[in-house]
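The next block holds one structure in the form of structure tokens; read it before the comments.
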Amino acid sequence: MTVTAQRPIPALPLQKTRAVRRRSRRETRNSFLVTFFAVVLIAGFLSPLLRSFALSFQTPEQISQVGAPLWPASPRTFTYNGRDYPVYKVPINGVTREMALVKKGRTESQFVDPTNAGAGVVAWQGGWRTLEPALTFAPTFDNYTNVWSLLNYPRLLFNTAAIAVIGLIGTVVSCTLVAYGFARFRFPGRGFLFLILISTIFLPAAVTLVPTYTIFVKLGWVGTWLPLLVPTFFANAYDVFLLRQYLLTIPREMDEAAAIDGAGPLRTLISVIVPQAWPVIIAVAIFHLVYSWNDFFAPLIYLSTKPDLQTLAVGLATFSANRSAQEPGLIQAGTLMTLIVPVILFLMFQRVFMRGVVITGVEK
Amino acid sequence: MIALRRPRMSRLAWHEARSGLLFLSPWIIGFLAFTLIPVIATLAFTFTNITLSQDVPLRFVGLDNYLALFRDPQVWESLLVTFKFAAISLPVAVILPFAVALLLNSRSLRGSALFRVLFFMPYVVPFVAGVLIWSQMLNSDTGWINGFLGLVGIQGPDWLNDAGWVYPGLVIIGVWGIGGGIIVNQAGLKGIPTELYDAARIDGAGWWGQLRHVTLPMMSPVIFYTLVLGVVEVLQYFLVPLVLNQGAGEPGGATRFYNLYLYKTFFAFQEMSYGATLAWLLFLITLAITGVLFWSARYWVYYAGESSSS
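Residue numbers (the numbering used here), protein chains in the order written: chain C, 272 to 635; chain P, 920 to 1229.
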């Protein structure tokens, strides 16, 4: 559809002027070119997903076939007189037909037409080695079923989800409390404390890692979920910032009304602020779920001795390191089974999610 | 002086302050326990000989760890590796999200909301999954990247196993992480007043002129922000090589990043004090580079809110 320049509807001139028509044609062409370019770009950008998806349905033999197509393909066979024969694409009288090779010969081979086997054997002049095998769409689900048990998928899925959900509760509760404190109360040093909070974002993790890890070892927490869960109950800079920015936009009148009615600060938070802050609380929850699902380093160092308590991300990395590169289908199946949850969460909540990124990214 | 001028807090104000601090207490406790005390402890560790097993008695060793640092060739080699990689990856990390945001904000693009979701989506893919998917794409024989290069007549390199190509390979692996940058850049572009473009057009500026004289200056705070975060991130880079080859440094030591060395000192060799010293050096380098960036900002970052003196 072409979009012409906005024009008044009633007094429509019978003929658009030449200049307007030329401009609208140029705009159409531009928008076609730009959109086409974007399509090519996004196709390239997401093509690895397609590749991974296709590989996950292929057996090692299918992948290593010479000239293997992009889809899961196996050479087709045809059963003739109780035996399986490979099917080739045979040019006969200028028409390419798919025929089962029954008897191989150097210069002349014998074929059977699978659609008309009753007609018997047909002789064909030429080297059968030059023929292309006929392929059939043969996806395998073995990679998925194998990964299910080899990766210990149900166990790791449970671990990952449990760690994500417990951490989500800790993050939402603690960050809401802290953001409320920053957004609604005046006290000396508030600005300074907020500056410190934000600056922790720029602190390299390595600077705190050594003593923290050492203390967790001494506490006997290494090899448990505690190092992953306990810190979430003490708030983090990103989410506090996100929540605070939102709370600042909520008018104070209702807080004050609640205060006059005798509600304490905590009561006000629960019955006045939280009901108005659901969008941002959901954003923080989704952020935490995705962050926790994708976290690699913390589970790696704290759970390396306990594969049964490990998360999917680390489990997948260990799995792919232990498997030889000859099983790409298996590894890609495991990969897709790991990424499916955060991707679906994102697609469901993409509006909330991206608005959260804008707030933490731009307004800081 | 200030203390004298300020009146004593009223009962009400004191009440409010107490409630506020009470609500802040989870973060304050967490900050002390997981940030401030560990940072100080890390510094204290650097002057001792702590190891996880502590075979030798704990003692104060002065500047021994720092002297060891300066004599340790692996420190300098791994820093060089990190800087080389940063030189390739930082421009991409800054320019690519900006360019994609420009495309998404183009008036000529149809369906830009859909494109925005699609460009952002890989940002939420677990990075381990991203690494495994992209290393498949970069495979020299079966990967689609070399397959595509082959179609246009170029013999693609063995990306991840060739010391000369591994950095571009790692940059390609990281390309799925640009989603956050795209969103931030796009929000920045939306914030540029359209009058500026109208004025530039009246002055005869074309697409390039508008980009050069309106978009880039107005976007400089966003570019500055992505650059600073990019520096902080790239200096800590090591997880991708850790997943790719278990941190072996292949090919030929090209992926022995500084943070990888730190990680190994710490977890493989369990030398806490030396690891802490490495961490402090990393912290100081990060501070120094971001400090230089903040200093340079006055020459190239334009804040619309401030009056420009030039």
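Beta carbons are placed, not taken as given, at the ideal position from N, Cα and C, and that holds for glycine.
Exercise. Compute the Euclidean distance between the alpha carbons of Val305 of chain C and Leu1023 of chain P, then round it to the nearest angstrom.
Key: 10 Å
Quiz item: Does the pairing of the segment 477-496 of chain C with the segment 411-421 of chain C give three or more beta-carbon distances under 8 Å?
Solution: no
Self-check item: Terminal residues of the beta strand (DSSP E) in which Met370 of chain C lies
Solution: The continuous beta strand (DSSP E) containing Met370 of chain C extends over residues Val366 to Lys374.
Quiz prompt | Counterpart residues of Ile363 of chain C in DSSP-defined beta bridges | solution = C:Val366
Quiz item: How do the segment 363-373 of chain C and the segment 433-448 of chain C stand: do at least 3 beta-carbon pairs fall below 8 Å, yes or no?
Solution: no
Exercise. Answer yes or no: does any C-beta atom of chain C fall closer than 7 Å to that of Ala987 of chain P?
Key: It does not; no Cβ of chain C falls within 7 Å.
Quiz item: What residues in its chain sit with their C-beta under 7 Å from that of Tyr1086 of chain P, if we drop five residues either side in the sequence?
Solution: Apart from the 5 residues on each side of it in sequence, Tyr1086 of chain P sits with its Cβ closer than 7 Å to the Cβ of Lys1003, Phe1004 and Ile1007 in its chain, given in chain order.
Quiz item: What residues from the segment 970-982 of chain P come within 8 Å of chain C, judged by C-beta to C-beta, listed N to C?
Solution: Leu971
Self-check item: Spatial distance of Ala1106 of chain P from Gly1099 of chain P (CA atoms)
Solution: 11 Å
Quiz item: In the segment 999-1032 of chain P, which residues sit with their C-beta less than 9 Å from some C-beta in chain C, listed in chain order?
Solution: Val1019, Leu1022, Leu1023, Ser1025, Arg1026, Ser1027, Leu1028, Arg1029, Gly1030 and Ser1031
Quiz item: Would you call the CB atoms of Gly438 of chain C and Leu519 of chain C closer than 7 Å?
Solution: no
Self-check item: Neighbour-count burial assignment, Pro613 of chain C, 16 or more Cβ in a 10 Å radius
Solution: buried
Practice problem: Pick out whichever of P:Gly939, P:Ile947, P:His934 and P:Leu931 has its Cα sitting closest to the Cα of Pro502 of chain C. | Solution: Relative to Pro502 of chain C, the option among P:Gly939, P:Ile947, P:His934 and P:Leu931 whose CA is nearest is P:Ile947.
Quiz prompt | Cβ separation of Gly600 of chain C and Leu587 of chain C, assumed to be a contact under 8 Å, to the nearest whole Å | solution = About 15 Å separates the two Cβ atoms, so there is no contact after all.
Practice problem: Look up Thr967 of chain P in the DSSP assignment and say whether it is helix, strand or coil. | Solution: strand
Quiz prompt | Host beta strand (DSSP E) of Trp946 of chain P (start-end) | solution = Segment Arg930 to Phe950 is the alpha helix (DSSP H) holding Trp946 of chain P; no beta strand (DSSP E) there.
Quiz item: Taking 7 Å as the CB-CB cut-off, is Ala936 of chain P touching chain C?
Solution: Taking Cβ atoms only, chain C reaches closer than 7 Å to Ala936 of chain P, which makes this a yes.
Quiz prompt | Spatial distance of Gly533 of chain C from Ile541 of chain C (CA atoms) | solution = 14 Å
Exercise. Just confirm the distance between the C-beta atoms of Ile1097 of chain P and Leu1057 of chain P, as a whole number of angstroms; I'd bet it's less than 8 Å.
Key: Actually they do not touch by this definition, with Cβ atoms about 17 Å apart.
Quiz item: What residues in its chain sit with their C-beta under 6 Å from that of Ile521 of chain C, if we drop five residues either side in the sequence?
Solution: Gln547
Quiz prompt | Within-7 Å CB hit, Gln1155 of chain P to chain C | solution = Interface residue, yes.
Exercise. Between the Cα of Arg322 of chain C and those of C:Ile334, C:Gly398 and C:Phe382, spot the shortest distance and give me the residue it belongs to.
Key: C:Ile334
Quiz item: With 16 as the cutoff for other CB atoms within 10 Å, does Arg1175 of chain P come out buried or exposed?
Solution: buried
Practice problem: Would you verify that the beta carbon of Thr954 of chain P is, or is not, closer than 7 Å to some beta carbon of chain C? | Solution: yes
Self-check item: Neighbouring residues, chain C, relative to Met1205 of chain P (Cβ below 8 Å)
Solution: The residue you asked about is not Met; residue 1205 of chain P is Thr in the sequence shown. Thr1205 of chain P reaches chain C at Phe473 and Pro475, counting residues in chain order whose Cβ is nearer than 8 Å.
Quiz item: In whole angstroms, what is the alpha-carbon distance linking Tyr1116 of chain P and Val310 of chain C?
Solution: Cα-Cα distance, rounded: 27 Å.
Quiz item: Is the CB-CB distance between Ala394 of chain C and Gln381 of chain C below 7 Å?
Solution: yes
Exercise. Closer than 8 Å by C-beta to Ser1059 of chain P: which residues in its own chain qualify, once you throw out the five before and the five after it? Chain order, please.
Key: Asn1065, Gly1075, Pro1076, Asp1077, Trp1078 and Asn1080
Quiz item: Bridge partners of Val383 of chain C, per DSSP?
Solution: Note: Val383 of chain C is bridge-paired with C:Ala371 and C:Val392 in the DSSP secondary-structure output.
Practice problem: Given a cut-off of 7 Å, decide if Pro1045 of chain P and Asn565 of chain C are closer than it, judged by their beta-carbon atoms. | Solution: yes
Exercise. Determine, using beta-carbon pairs with one atom in the segment 945-963 of chain P and one in the segment 462-476 of chain C, whether at least three such pairs fall under 8 Å.
Key: yes
Self-check item: Inter-residue CB distance, Thr1196 of chain P and Asn984 of chain P (contact presumed, cutoff 8 Å)
Solution: 4 Å
Quiz item: Along the chain, which unbroken stretches of the alpha helix (DSSP H) at least 4 residues long are found entirely within the segment 423-460 of chain C?
Solution: 424-455
Quiz item: Interface residues of chain C around Gly1099 of chain P at Cβ under 8 Å?
Solution: Val628 and Gly632
Self-check item: Cβ-based neighbour list, Gly441 of chain C, same chain, cut-off 7 Å, excluding 5 preceding and 5 following
Solution: Leu500, Thr503 and Phe504
Self-check item: Same chain, Cβ closer than 8 Å to Met1191 of chain P, neighbours up to 5 away in sequence not counted
Solution: So the qualifying residues of the chain are Phe964, Ile969, Thr970, Leu971 and Phe1185.
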